[in-house]
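For any residue, its number in the numbering used here is found by taking its place in the sequence shown, counting from 1, and adding 3.
We put the CB at the ideal spot given by N, CA and C, even for glycine.
All figures in this text were calculated on a predicted structure; none of them were measured in a lab.
Single-structure report; data block below.
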Amino acid sequence: MVISGATYDYSSQGYVLPSNLSLEELPEFKNIGSKELLIQKEDLIFAPIQGGSWYGGVQSRGNLPFDILGDVVLKSMYADQGNKRFGAVPKFEKTQILKLHQVSAASQRITSIELPAS
């Protein structure tokens, strides 16, 4: 997956995204390896960080031989843990936990995000 303008930030220990991306510029996320997994574009933005950038919701595994599937992945699926097995199916929300604010409908530029009240 490639996101235009994303860079690795050593002080944040992860990939950061420019804050002027539009939703159309974010890629479709449809799988992890050979396993189908749909993640909504809005969830690729995790949280604002210093310098007007956003911390990416999906990060590289680096040198690890396995992936860590965190909240961005888990919130994109319904899970059934019955019968000593784990199964998951895609889940799409009408609204996201993070609200994206845009300058105008014409430009579709994301200018800020609103974090949920804690």
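| Query | Result |
| --- | --- |
| Tell me which residue opens and which closes the beta strand (DSSP E) that VAL19 is part of. | 17-21 |
| Under 8 angstroms by Cβ, that's how I've got LEU47 and GLY59 pegged, so tell me the actual separation to the nearest angstrom. | 7 angstroms |
| Give the straight-line distance between the Cα atoms of TYR1 and PHE49, rounded to the nearest whole angstrom. | The first residue shown for the chain is 4 and the last is 121, placing residue 1 beyond what the model contains. |
| Mark TYR18 as exposed unless 16 or more other C-beta atoms lie within 10 angstroms of its C-beta, in which case mark it buried. | buried |
| When DSSP labels each residue in this structure, what does LYS38 get in the three-state scheme? | strand |
| Beta strand (DSSP E) containing ASP83: first to last residue? | 80-83 |
| By the three-class DSSP mapping on this structure, what secondary structure does LYS3 have? | There is simply no residue 3 to check, as the chain begins at 4 and stops at 121 in what is shown. |
| Mind checking whether VAL75 and ILE42 have CB atoms under 8 angstroms apart? | yes |
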